[in-house]
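Worksheet: one structure, shown below.
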Ligand SMILES: Cc1cc2nc3c(=O)[nH]c(=O)nc-3n(C[C@H](O)[C@H](O)[C@H](O)COP(=O)(O)OP(=O)(O)OC[C@H]3O[C@@H](n4cnc5c(N)ncnc54)[C@H](O)[C@@H]3O)c2cc1C
């Protein structure tokens, strides 16, 4: 028989197969020899009390032969001769998973990606990190795999569509991710492993007969009779299809501008903006694991913090234990930071975004203070321009070459200059700056108070050993591209499917991938 059993173990016991089998035998009332094996179904750490527990759920094989876990099978079809074609603009998680789903439905995807393949893209990242020179077409956001490739690869989502999430995780395993992402409560791949997985996805798409084209930046949409006839790319080519998936991510400002210029409906969308904060990892371990800080069986600790300050939410975002702060800018003259970590999470720092919700009225209220935004009150690009303005102020404050303005944490909240800064993982470097003068006031005030409150919730967290780096501004899209709830098409353009994070329908790798699949299924149902 097979039996689902849940129990908890100490961290030092949780990877010991014989202990797990013993617990299964005790729980099921059978002899240990009757337990032939088990599959882990769920694994999570509970560090809330003094004793830290690992919660496990297993599917136990008792009195029957153990069977290894069967990989989920996918039916990738040969689409070389397929009559139906769909153009996908953007090869981030949204575009890639849409392409894979279309192939399963027998439809040929043509992916147009502005950036380069993962390997070539790495050189552009090195130039940015080491020389402070950005390639606006190839960076942490643009290129094969989109912002998902050199991301942290945390695969959790607030979405609760379990079946869809499992499918996405199984696809990641199919293309090379470790099986443990299927049962860990907080699955994580790591920046070192993601490029291989993305390459394997591209190989699959190409092998099936899909077209995967790099350095094809879409710069125009040719529209007739409420339908896109073709798209033009920056290198002078034109591509035609019956349906178009727009999956260009939250950083493709030129796409938002293009849609607006062509009177294609878009809307300003509230987003979150703030800073990234970095602590020594050991300090976070001590905060979270208390007496067990030195326990090797525990992973580098993470945290998730949220606080209401004067009616406004301040919250941690994309926390990276054992991670690195990355320059995630997409253009010259602007600073954007984000975070990643390798699969082992073995860097000595823990970083996290710390952000504040930005509503439309915040940007409107701040208009007078920032000349460049005047006249944009009713524009759907208002929040995008607000985001850009903060990023540019940060660049100027850092002094150029993507050096980021920064301040120690307690100094930040106390409004005091930091005479020195601690060592930080951010490679382009830091400049000590009074961030009150750089960030919008409501953002600064909310963060300054929020940090003090976080220190009360997590003693040890509020410390001058931590450094605050500005700005974390690309948390989600500042623009929504509307789509019809039933057809999933743009209300004005019948064959345009706005999709993923850039259009405002996803936040993170898994939800972006799920949205890509959803659109592909919809198109297949329509045209098959
Ligand atoms: C450093 C970093 C760490 C992150 N860590 C995590 C994490 O741990 N977990 C998580 O869930 N999320 C993380 N994210 C966010 C995650 O990567 C995004 O949510 C996700 O990639 C969004 O997917 P998308 O396909 O909608 O858009 P994107 O990934 O942004 O992809 C859009 C693609 O479109 C292309 N494109 C843009 N304009 C054009 C054009 N005009 N023509 C052709 N192509 C175009 C871009 O080059 C890009 O490849 C991280 C992001 C960064 C930058």
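Numbering (our numbering), first residue to last: 20 to 547. The C-beta atom is built at its ideal place from N, Cα and C for all residues, glycine as well. Keep in mind it's a predicted model, so treat the numbers as computed, not measured.
In terms of CA proximity to residue 88, 57 leads the group 65, 464 and 57.
For the options 134, 130 and 176, the alpha carbon positioned closest to that of residue 530 is the one of 176. Taking a C-beta distance under 8 Å as the contact criterion, residue 213 and residue 172 qualify as a contact pair. Distances from the CB of residue 132 to the heavy atoms of ligand 1 include at least one below 7 Å.
Scanning its chain for C-beta atoms nearer than 6 Å, with the 5 sequence neighbours on each side dropped, one finds around residue 406 the residues 492 and 497, in chain order.
Ranked by Cα distance from residue 456, the first of 434, 523, 105 and 380 is 434.
Exclusion of the five residues before and after residue 367 leaves 299 and 300 as the residues of its chain whose Cβ lies within less than 7 Å of its Cβ.
Residue side-chain check: residue 519 places its Cβ nearer than 7 Å to a non-hydrogen atom of ligand 1. Less than 8 Å divides the Cβ of residue 517 from the Cβ of residue 502. Ligand 1 has a heavy atom closer than 7 Å to the beta-carbon of residue 357. As DSSP reads the structure, residue 335 sits in a beta bridge with 373. Comparing C-alpha distances from residue 461 to each of 436, 78, 278 and 384 shows the shortest one belongs to 384. Within the region 159-189, there are no complete beta strand (DSSP E) runs of at least 3 residues. With contacts defined by Cβ atoms closer than 8 Å, residue 83 and residue 146 do not form a contacting pair. Setting aside the 5 residues that flank it on each side, residue 309 is surrounded in the same chain by 69, each with a C-beta closer than 7 Å to its C-beta; the list follows chain order. Note on geometry: alpha-carbon atoms of residue 73 and residue 204 lie some 11 Å from one another.
Using a cutoff of 7 Å, the CB of residue 112 counts as near ligand 1, since one of the ligand's heavy atoms is closer than that.
Within its own chain, the residues whose Cβ lies closer than 8 Å to the Cβ of residue 207, once the five positions on either side in sequence are excluded, are 171, 172, 173, 174, 200, 360, 362 and 364, listed in chain order.
The continuous stretches of beta strand (DSSP E) do not include residue 110, and DSSP gives it neither H nor E. Around the beta carbon of residue 438, fewer than 16 other beta carbons lie within 10 angstroms, which makes this residue exposed.
Annotated as proximal: residue 303 and residue 320, with beta-carbon spacing under 8 Å.
The Cβ atoms of residue 76 and residue 86 do not sit closer than 8 Å to each other. Assigned with DSSP and collapsed to three states, residue 516 falls in strand.
Taking a cut-off of 8 Å on C-beta distances, the region 397-405 does not touch the region 474-485, as fewer than three cross pairs fall below it. By the CB criterion at 8 Å, residue 279 and residue 521 fall outside the cutoff. Between residue 356 and the set 394, 448 and 533, the nearest pair of CA atoms involves 448. Shown here, residue 349 sits in coil according to DSSP, grouped into three states, outside any helix or strand.
According to the DSSP assignment, residue 535 belongs to the alpha helix (DSSP H) that extends over 528-546. Comparing C-alpha distances from residue 47 to each of 31, 80, 322 and 106 shows the shortest one belongs to 80. When secondary structure is reduced to three states using DSSP, residue 321 falls in the coil class, being assigned neither helix nor strand.
The three-state secondary structure of residue 204, taken from DSSP, is coil. Excluding five sequence positions before and after residue 230, the CB atoms of its chain that fall closer than 8 Å to its own CB belong to 127, 128, 129 and 130, given in chain order. Minimum Cα-Cα distance from residue 504 among the listed residues 22, 488, 370 and 534 corresponds to 534.
Pairing residue 306 with residue 324, the inter-Cα distance amounts to about 13 Å.
Per DSSP, reduced to three states, the secondary structure at residue 490 is strand. The beta carbon of residue 273 sits closer than 7 Å to at least one heavy atom of ligand 1.
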